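To start, the structure under review is shown below, and the notes come after it.
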Amino acid sequence: MTYESAEIDPEELNPDGDQLDLAERLSLRRVAGMSTQLADISEVEYRELQLERVVLVSVWTTGSEVDADNAMAELKLLAETAGSQVLEGLVQRRSTPDPATFIGRGKVDELRQVVVATGADTVICDGELEPAQLRNLEDRVGVKVIDRTALILDIFASHAKSAEGKAQVELAQLQYLRQRLRGWGGNLSRQAGGRAAAGAGIGGRGPGETKIETDRRRIKTRIAVLRRRLRDLESVRDTKRSQRTRNQVPSVAIVGYTNAGKSSLLNRLTGAGVLVEDALFATLDPTTRRSSASDGRVYTLTDTVGFIRHLPHDLVEAFRSTLEESTSADLLLHVVDGSDTDPFGQVAAVRTVLADIGAAGVAEQLVVNKIDAAQSDTLLALRGRYPDAVFVSARTGAGIDELRERVEERLPRPEVEVRALVPYDRGDLINRIHRDGEFVSSDHTEHGTLVVARVNADLAGELARYATHA
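92 is the number of the first residue of the sequence shown in the working numbering; add one for each residue after it.
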């Protein structure tokens, strides 16, 4: 996490800043004339990179048909973000998912026909599958099957850049994998009986499922190592946060649905230059920047990881230290994508995750972003449902001034009012009042600066020696 001062007026800059991360992500693509592609690509080790061809499967249990279509559209975006080509999407109406195959025995045969007809090599299910469901589907469909949780974890793994982010993602992946080791792998060494027991006979008795036990032990050991590493990194984060808390610097956390424009909003407000890309979970690492109110008060703005419907529990646990930036903030800027087909669902999903991490009680300011791309009837419905929301466009700058004013209004104000005659050789105290307090009035006299201001308790104690009632 970085912590820097933004002295340049962000309005004079590109609102998204220097997109160095985006340039790096797009820089390594393809070199002309380097292909060794042959007619039979199965016989060469180095082959042209090809996108996975996937079929999406969803079980519609509750809600309307529109909700089911929105869920499938979101799964399609997740699959494309992970680097795949979506060929087909199938939705089945059921009261509950089938405990054996997720979609039912008859529908598995239909899914197999679709996979064969389209030439797909992967099936992605919109839900968290049990190990038995994964195994049964793979056995009957004949291609790789993954669920929504594994898909999101894969996206996080490809986008994590910092040491903390990589450790958090690996921890979540191992926790997910540990629960799905049992019974996987037909080549595992198993105890075999004699010929009467349909075994291999003498000399064919193995030591048991030692590979599963070894894998389970390695995962357990690695999880312990990652937890220790994250505790060390968390202590560094706590030190930086405690310094801001000790100086009583107000903090604002930008939260919201993934790809709602949180990083763009941070760039527009502070000129931070954080990576901006039209993709889900483009940025995972929180970024903190210093900003100043019109009256000189300093506060921090923090961009946090995006949320999504049914965010995997393992991810919430692994990223808990990062998400604590939201719980310790004085104000949450809840960013909503106004151009999304279901912005109300976004609001509900984000508030659910905030409640899970203990941030439901933090003051919230709803911000509807991307109004330049939103439908007029959607904006009208949002204004009716959320009359106190601020409507902005981080791309065009519309509504940004109103948002700044709203943030300044809702920042916590110093509690102690002081009246002091500060000597001219104590200009440091005047500077601290500008930075951390709020002037009511000031007057330059023969003996010093007569100030009436609202300050925090620590600064009030230092000003007490110069207090005056004149």
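All C-beta atoms in this analysis are idealised placements derived from N, C-alpha and C, irrespective of residue type, glycine included. Model, not experiment: these values are computed from the prediction.
**Asked** Does DSSP classify residue 218 as helix, strand or coil?
**Response** Looking up residue 218 in the sequence shown gives position 127. Correct three-state label for residue 218: coil.
**Item:** the stretch 484-500 in contact with the stretch 449-464 per 3-pair CB rule at 8 Å
**Value:** yes
**Message:** I need the straight-line Cα distance from residue 397 to residue 349, nearest angstrom please.
**Reply:** Sequence index remark: in the sequence shown, residue 397 carries index 306 (1-based). Sequence index remark: in the sequence shown, residue 349 carries index 258 (1-based). Spanning the two alpha carbons is a distance of roughly 4 Å.
**Message:** Between 511, 420, 515, which has its C-alpha nearest residue 541's C-alpha?
**Reply:** As a working note, residue 541 is residue 450 in the sequence shown. The candidate whose alpha carbon is nearest that of residue 541 is 511.
**Request:** Tell me residue 394's beta-bridge partners as DSSP assigns them.
**Result:** Counting from 1 along the sequence shown, the entry for residue 394 is found at position 303. BP columns for residue 394 point to 345, 378.
**Prompt:** Which of the three DSSP states, helix, strand or coil, is assigned to residue 175?
**Reply:** Residue mapping note: residue 175 aligns to position 84 of the sequence shown, counting from 1. Three-state DSSP puts residue 175 in a strand.
**Item:** First and last residue of the uninterrupted alpha helix (DSSP H) at residue 196
**Value:** Here residue 196 corresponds to residue number 105 of the sequence shown, with the count starting at 1. For residue 196, the enclosing alpha helix (DSSP H) begins and ends at 196-209.
**Asked** Taking only runs of the alpha helix (DSSP H) that begin and end inside the stretch 469-534, which ones reach a length of at least 4 residues, in chain order?
**Response** 491-501, 518-527
**Request:** Closer than 8 Å by C-beta to residue 481: which residues in its own chain qualify, once you throw out the five before and the five after it? Chain order, please.
**Result:** Translated into the one-based positions of the sequence shown, residue 481 becomes position 390. Result list for residue 481: 456, 457, 458, 459, 490, 493, 494, 497, in chain order.
**Request:** Could you have a look at residue 453 and say whether DSSP puts it in helix, strand or coil?
**Result:** Translated into positions along the sequence shown, residue 453 becomes position 362. Coil, per DSSP.
**Request:** State the Cα-Cα distance for the pair residue 504 and residue 388, rounded to the nearest angstrom.
**Result:** In the sequence shown, the residue the question calls residue 504 occupies position 413. In the sequence shown, the residue the question calls residue 388 occupies position 297. Straight-line Cα distance between these residues: approximately 9 Å.
**Request:** Please report how far the alpha carbon of residue 320 lies from the alpha carbon of residue 247, in whole angstroms.
**Result:** Working through the sequence shown from its first residue, we reach residue 320 at position 229. Working through the sequence shown from its first residue, we reach residue 247 at position 156. Using only the alpha carbons, I get a separation of about 19 Å.
**Asked** Is residue 180 helix, strand or coil by DSSP?
**Response** For this step, residue 180 is matched to residue 89 along the sequence shown. If DSSP states are grouped into helix, strand and coil, residue 180 belongs with the strands.
**Message:** For residue 265 and residue 314, what's the separation of their Cα atoms in angstroms?
**Reply:** As a first step, residue 265 is located in the sequence shown; it is residue number 174 there, counting from the start. As a first step, residue 314 is located in the sequence shown; it is residue number 223 there, counting from the start. Their backbone Cα atoms lie some 7 Å apart in a straight line.
**Request:** Take the Cβ of residue 236 as the centre, count every other Cβ of all protein chains shown within 10 Å, and call the residue buried at 16 or more, exposed below.
**Result:** One-based indexing of the sequence shown puts residue 236 at position 145. Its Cβ being crowded by 16 or more others within 10 Å, residue 236 is buried.
**Message:** As a quick exercise: from 470, 418, 428, 436, pick the residue whose alpha carbon is nearest that of residue 448.
**Reply:** If you number the sequence shown from 1, residue 448 lands on position 357. Selected option, being the one with the closest Cα: 418.
**Prompt:** How long is the line joining the alpha carbons of residue 268 and residue 222, rounded to whole angstroms?
**Reply:** Here residue 268 refers to the residue found at position 177 of the sequence shown. Here residue 222 refers to the residue found at position 131 of the sequence shown. If you take the alpha carbons of residue 268 and residue 222, they lie about 10 Å apart.
**Asked** In its own chain, which residues sit with a C-beta less than 8 Å from the C-beta of residue 538, not counting the 5 before and 5 after it?
**Response** Position 447 of the sequence shown, counted from the start, is the residue given in the question as residue 538. Answer for residue 538: 512, 514, listed in chain order.
**Message:** What residue range does the beta strand (DSSP E) around residue 147 cover?
**Reply:** Here residue 147 refers to the residue found at position 56 when the sequence shown is read from its first residue. Per DSSP, residue 147 belongs to the beta strand (DSSP E) from 143-151.
**Asked** Alpha carbon to alpha carbon, how far is residue 474 from residue 454?
**Response** Here residue 474 refers to the residue found at position 383 of the sequence shown. Here residue 454 refers to the residue found at position 363 of the sequence shown. Taking the straight line from one Cα to the other gives about 19 Å.
**Asked** Among 536, 531, 559, 506, which residue has its Cα nearest to the Cα of residue 549?
**Response** On the sequence shown, position 458 is the one that residue 549 refers to. With respect to the C-alpha of residue 549, the residue from 536, 531, 559, 506 having the closest C-alpha is 506.
**Asked** How should residue 358 be labelled, buried or exposed, when 16 other C-beta atoms within 10 angstroms of its C-beta is the threshold for buried?
**Response** For the purposes of this step, residue 358 is taken as the residue at position 267 of the sequence shown. Buried: at least 16 other Cβ atoms inside 10 Å.
**Asked** Does the ligand NAP have a heavy atom nearer than 7 Å to the CB of residue 544?
**Response** No copy of the ligand NAP appears in this structure; indeed no ligand is present at all.
**Prompt:** Quick one, which of 429, 309, 466, 149 has its alpha-carbon nearest residue 353's?
**Reply:** Along the sequence shown, one-based indexing puts residue 353 at 262. Comparing Cα positions, the closest option is 429.
**Asked** Which same chain residues, not among the five before or five after residue 178, have their C-beta less than 7 Å away from its C-beta?
**Response** Reading the sequence shown from its first residue, position 87 is the one you call residue 178. For residue 178, same chain residues with a beta-carbon under 7 Å away, outside a window of 5 residues either side, are 144, 145, 146, 209, 211 in chain order.
**Item:** According to DSSP, residues forming a beta bridge with residue 189
**Value:** In the sequence shown, residue 189 corresponds to position 98, counting from 1. Beta-bridge pairing links residue 189 to 193.
**Message:** DSSP three-state label for residue 585, please.
**Reply:** With the chain covering only 92 through 561, there is no way to say anything about residue 585.
**Prompt:** To the nearest angstrom, how far is it from the Cα of residue 186 to the Cα of residue 151?
**Reply:** Residue numbering aside, residue 186 sits at position 95 when the sequence shown is read from its first letter. Residue numbering aside, residue 151 sits at position 60 when the sequence shown is read from its first letter. Each residue's alpha carbon lies about 8 Å from the other.
**Item:** Cut-off 6 Å between Cβ atoms - residues of its own chain near residue 231, not counting five sequence neighbours on either side
**Value:** Reading the sequence shown from its first residue, position 140 is the one you call residue 231. Cβ-Cβ distances below 6 Å link residue 231 to 199 in the same chain, with the five nearest sequence neighbours on each side left out; the list follows chain order.
**Limits of the unbroken beta strand (DSSP E) element including residue 573** = No answer is possible for residue 573: it lies beyond the span of the chain, which begins at 92 and ends at 561.
**Request:** Assign residue 207 to buried or exposed, taking buried as 16 or more other Cβ atoms, counted over all protein chains shown, within 10 Å of its Cβ.
**Result:** Residue numbering aside, residue 207 sits at position 116 when the sequence shown is read from its first letter. By the neighbour-count rule (16 or more Cβ atoms within 10 Å), residue 207 is not buried but exposed.
**Asked** Whose C-beta lies closer than 8 Å to the C-beta of residue 318 among residues of the same chain, with five residues either side of it excluded?
**Response** For this step, residue 318 is matched to residue 227 along the sequence shown. 262, listed in sequence order.
**Asked** Which of the three DSSP states, helix, strand or coil, is assigned to residue 421?
**Response** Against the sequence shown, residue 421 aligns to sequence position 330. In the structure shown, residue 421 sits in coil (DSSP, three-state: anything other than H, G, I, E or B).
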